[in-house]
Amino acid sequence: LDSSNALESLMFGTLISSTDPVSTVSIMASLNANPMLHAIIFGESVLNDAVCITLYKTLEGFHPFLTDSADLVNFSMHDLGKCMVIFLGITVVSIMLGVAFGLLCSMISKKTPLIKNHPEIEMGMTFFVAYMCYLVGEILEMSGIMALFFCAIVLAHYHSHNLSESSRIAVESSVQAFGFVAETAVFIVLGITAITSFIPQSQYAWSPAFVAVGTSLCLISRVVQVCLLSSILNLALKDRITGRMQLVMIMAGLRGAVSFALAVQVPASSSKFMATTTLAIVVITTIFLGGYSGSLIKKLGLSVSKDEKEGLVQANHRNNSLFCGACEDDFMSKVFGGAEKSPVLPGSPIADEGGSNARFFPKNLADDDEDEEEVERQHLIAARASLISAEDAKDELGSYVVPAVQA
64 LDSSNALESL MFGTLISSTD PVSTVSIMAS LNANPMLHAI IFGESVLNDA VCITLYKTLE
124 GFHPFLTDSA DLVNFSMHDL GKCMVIFLGI TVVSIMLGVA FGLLCSMISK KTPLIKNHPE
184 IEMGMTFFVA YMCYLVGEIL EMSGIMALFF CAIVLAHYHS HNLSESSRIA VESSVQAFGF
244 VAETAVFIVL GITAITSFIP QSQYAWSPAF VAVGTSLCLI SRVVQVCLLS SILNLALKDR
304 ITGRMQLVMI MAGLRGAVSF ALAVQVPASS SKFMATTTLA IVVITTIFLG GYSGSLIKKL
364 GLSVSKDEKE GLVQANHRNN SLFCGACEDD FMSKVFGGAE KSPVLPGSPI ADEGGSNARF
424 FPKNLADDDE DEEEVERQHL IAARASLISA EDAKDELGSY VVPAVQA
């Protein structure tokens, strides 16, 4: 890297900060790891990629990529402040675009229930809106990735519950297949680059010192980041992030496809060591950190039974809303659809945690206007259930009330 200019260091730090704990997430799913830990690691990796790409593209604007010159523009502290302002502006606008497209698609699927008779239209509309969201973000010179990420969040929260069962399964399976193919393609390029980098005529070169320093700094920064942010979050969280969870989160700091895909975009004339160093860090973290994740989770006792995991997931559903509870129930769910909240008997773990009043957790929401009466009836039933014992509530409400969740 050019030690006389901070731009290349910032670009390398940005691209190498992207985490890809795909192996850890897969292992956690197979071992029924703590749902809270699973959500933190998965959510961090997805949001981290979007932020990383957006910040990298912002820094890219200060680099003369379109010329053959290896000289960097004069990057000063003023430019750094300007870069951060641009990054924040792009992020805010991209989030607004993604949410707008997601809500538009959700409203269409909610207000046109007959579309359920045409799964091909449901699938086509879902992919079309997502792709249009990305294109509009790129055309406006915002972050298409960031817009697509938040569009997907809204679609998963509202639109997916408005789809027919066959369409929902088909869309989820298709997205997983596309993601697998794309990531496989990147790792194929990674392998080819690793082989060709040792050829004397290659545009890449290796620096063992750079690899050692880069790997060490990645591990040190991961430890500091996890411990510091977990301590801050524990001040407000009811369910604390324990030391055992933090250790697994540190081990989940793998680098992967996104880091390497960004590294190979840097011209070799500017930094011929950046791609090879990134490649080495990806391989080292994947083998050593990802390889020991499964045994570490078992040894730390972070696995739970399927019944216990299901209970924890349902208990967390009581806060399953993108907006405040009143806004979600009174407006958002009626306009955009989403998951209906069905009553839970008093005396269950979900009800006991918040007091004697009955709580609600999501269930698939029907799309007909007549079903709004059913929703109101469910609310009345739950209110009545809060005044009687759990056992009597079961007998009186019958099939209209969801059985109490077993601890």
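Numbered according to this note's numbering, the sequence shown spans residues 64 to 470.
Idealized CB from N, CA, C, for every residue including glycine.
Annotation: serine 294 to alanine 219 spans about 30 angstroms, alpha carbon to alpha carbon. For serine 206, there is no enclosing alpha helix (DSSP H), since its DSSP letter is neither H nor E. Between the alpha carbons of leucine 166 and phenylalanine 213 lies a distance of about 11 angstroms. Within the model, the alpha-carbon separation for glycine 144 versus tyrosine 119 is close to 15 angstroms.
Residue range 271-297 is occupied by the alpha helix (DSSP H) that includes serine 279. The shortest CA-to-CA distance from isoleucine 251 to any of Ala275, Ala324, Glu107, Gln309 is the one to Ala324. Here alanine 326 is not bridged, per DSSP, to any residue.
With respect to valine 311, leucine 100 sits close: the two C-beta atoms are nearer than 9 angstroms. A direct Cα-Cα distance of roughly 7 angstroms separates tryptophan 269 from threonine 340. Under DSSP, serine 366 shares a beta bridge with Ala96. For the pair glutamate 228 and glycine 316, the Cα-to-Cα distance works out to about 35 angstroms. The continuous alpha helix (DSSP H) containing glycine 242 extends over residues 228-259. A residue is called buried once 16 or more other Cβ atoms fall within 10 Å of its Cβ, and asparagine 97 is buried on that count. Three or more beta-carbon pairs drawn from the segment 201-210 and the segment 147-162 are found closer than 8 angstroms, and the two stretches are therefore classed as touching. In the displayed model, histidine 181 falls within coil according to three-state DSSP, outside both helix and strand.
Contact between the segment 198-206 and the segment 237-254 is absent: fewer than 3 CB-CB pairs across the two stretches fall below 8 angstroms. Excluding residues up to 5 positions away in sequence, Phe164, Cys168 lie with their Cβ nearer than 6 angstroms to the Cβ of valine 192 in the same chain. Around the CB of arginine 231, 16 or more other CB atoms lie within 10 Å, so the residue is classed as buried. A direct Cα-Cα distance of roughly 26 angstroms separates isoleucine 347 from serine 366. Check the Cα spacing between glycine 161 and each of Met205, Leu70, Thr175: the tightest is with Met205. Around the beta carbon of glycine 400, 16 or more other beta carbons lie within 10 angstroms, which makes this residue buried.
Burial is judged here by how many other beta carbons sit within 10 angstroms of a residue's own beta carbon; valine 276 has fewer than 16 and is exposed. Shown here for arginine 318: same chain residues with a beta carbon closer than 8 angstroms to its own, the five before and five after excluded, namely Ile79, Ser81, Thr82, Asp83, Cys281, Thr341, Ile344, Val345, Thr348, Thr349 in chain order. Between the alpha carbons of valine 321 and glutamate 235 lies a distance of about 22 angstroms. With a cutoff of 9 angstroms on beta-carbon distance, lysine 173 and valine 398 are scored as near each other.
Going by DSSP, leucine 317 is part of no alpha helix (DSSP H) at all; its letter is neither H nor E. Per DSSP, the unbroken alpha helix (DSSP H) holding leucine 70 starts and ends at 70-79.
About 5 angstroms separates the beta carbons of methionine 314 and serine 356, which is inside the 8 angstroms limit, making them a contact pair. Under the three-state reduction of DSSP, threonine 175 is assigned to coil, being neither helix nor strand. Ranked by how close their Cα comes to the Cα of asparagine 111, the residues Gly364, Thr77, Val88, Ser260 have Thr77 in first place. Straight through space, the alpha carbons of glycine 187 and isoleucine 171 are spaced by roughly 13 angstroms.
Ser358 is the residue among Leu292, Met395, Phe394, Ser358 whose C-alpha sits nearest the C-alpha of methionine 91. For the set Phe336, Gln266, Gly254, the Cα lying nearest the Cα of alanine 272 is the one of Phe336. Taking 9 angstroms as the cut-off, the beta carbon of valine 114 is found no closer than this to the beta carbon of isoleucine 104.
The three-state reading of DSSP puts leucine 310 in helix, counting H, G and I together. Around serine 265, the same chain offers Thr259 as residues with beta carbons nearer than 7 angstroms, after the five sequence neighbours per side are excluded.
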